[in-house]
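For reference, the structure is listed below as structure tokens.
Numbering (the numbering used here), first residue to last: 5 to 111.
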């Protein structure tokens, strides 16, 4: 597969360019497009080191994940940081699901 800037396939590059220029090859404005944003992903390599990758003009985090999986020579591990309200809920749990559910007022 041909990649432009080691990241975008030709079709995605063309769609991105249409959004940036404001018109497609026929001269009309692009109708279906996703917002492009700068995104950063942090991941851990198999040797324990933590690395970061930042890309401009991405449509979603999957682009970064695919890029990391494609380009890194070592095995990688991704994490997920829960929103604050979820972390507060999890802090009150002791890890035993049955006792946590029994203690819950809605159980």
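Glycine residues also receive a C-beta, built at the ideal position from the N, C-alpha and C atoms.
{"Asked": "8 Å contact criterion, which residue 42 and residue 63 should meet: CB distance rounded", "Found": "About 12 Å separates the two Cβ atoms, so there is no contact after all."}
{"Asked": "Residues near residue 68 by beta carbon distance below 7 Å, same chain, minus five either side", "Found": "43, 45, 57, 59 and 62"}
{"Asked": "As assigned by DSSP and simplified to three states, the class of residue 14", "Found": "helix"}
{"Asked": "Beta-carbon proximity check, residue 78 vs residue 49, cutoff 7 Å", "Found": "yes"}
{"Asked": "Cut-off 8 Å between Cβ atoms - residues of its own chain near residue 65, not counting five sequence neighbours on either side", "Found": "43 and 45"}
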